[in-house]
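Read the structure below first, then the notes.
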Amino acid sequence: MTYETYLENVSEKLKYNFDFIEIPEFEGIKFSLAAKSNIRNERFVATKGTVIYAYENNEYCFIRIMDDITTEGVDETFNVLKKAMDDFVVPNDEHMSTVFTGILLTMGNVDADLEDIIRRFKYQKSYKFGFHGWSSIRLVVVEITSGKVITSREAKKISKFYKPF
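Numbering (this note's numbering), first residue to last: 8 to 172.
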């Protein structure tokens, strides 16, 4: 499987719940694919104009191709996702959560030490003590040739979605 084939497969899966966004380069890093999902839930009385409460859940996916994944490359991707968190999240009383998923694709194998770092990775940020929601970052590394998916703690639940086979 090639990078292009994998990206086509993931795009096909994402298109039902995500809108693709054009981000040719963000903070000096080229992403092959970027997508955004926005889900808004409301409760109302009698008419839709009488809203009792509403909340939003957002998700951003950024896919990056790296021929050789290193600790520096993972750190660089994390820093860009942190910057994206500052740029894209608008905390307000209706914001519940925003999740940023960084997916790194490689044809090679990931070093065992780096694999441990990725598995232990966790980053979450609260806004106004959680009253204006929170944001978190998930990391996913996909070894296309072996079919192995390495995820951070929070990304475990989505690992099957990004499996290449």
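Glycine included, each C-beta is placed from N, C-alpha and C at the ideal position.
(request) Compute the beta-carbon to beta-carbon distance between residue 144 and residue 85, rounded to the nearest angstrom, for a pair I have assumed lies under 8 angstroms. (result) Locating residue 144 in the sequence shown gives position 137, counting from the first residue. Locating residue 85 in the sequence shown gives position 78, counting from the first residue. At roughly 7 angstroms, the Cβ-Cβ gap stays under 8 angstroms, so residue 144 and residue 85 are in contact.
(request) Less than 8 angstroms between the CB atoms is what I'm expecting for residue 68 and residue 14, so what's the real figure, rounded? (result) Here residue 68 refers to the residue found at position 61 of the sequence shown. Here residue 14 refers to the residue found at position 7 of the sequence shown. No, residue 68 and residue 14 are not in contact; Cβ-Cβ is about 12 angstroms, not under 8 angstroms.
(request) Using only alpha-carbon positions, find the residue among 170, 156 and 12 that is nearest to residue 4. (result) No answer is possible for residue 4: it lies beyond the span of the chain, which begins at 8 and ends at 172.
(message) On the DSSP bridge list, what partners appear for residue 49?
(response) Your numbering for residue 49 matches position 42 in the sequence shown. Residue 49 is bridged to 61.
(request) Measure the CB-CB distance between residue 5 and residue 112 and report whether it falls below 8 angstroms. (result) In the structure as shown, the chain starts at 8 and stops at 172, and residue 5 therefore has no counterpart that could be examined.
(message) Please report the straight-line C-alpha distance between residue 108 and residue 41, rounded to a whole angstrom.
(response) Stepping through the sequence shown from its first residue, residue 108 is reached at position 101. Stepping through the sequence shown from its first residue, residue 41 is reached at position 34. Rounded to the nearest angstrom, the two C-alpha atoms are 10 angstroms apart.
(request) Enumerate, from N- to C-terminal direction, the unbroken alpha helix (DSSP H) stretches of 4 or more residues contained entirely within the stretch 72-154. (result) Entirely contained in the stretch 72-154, the alpha helix (DSSP H) runs reaching 4 residues are, in chain order, 78-95 and 119-127.
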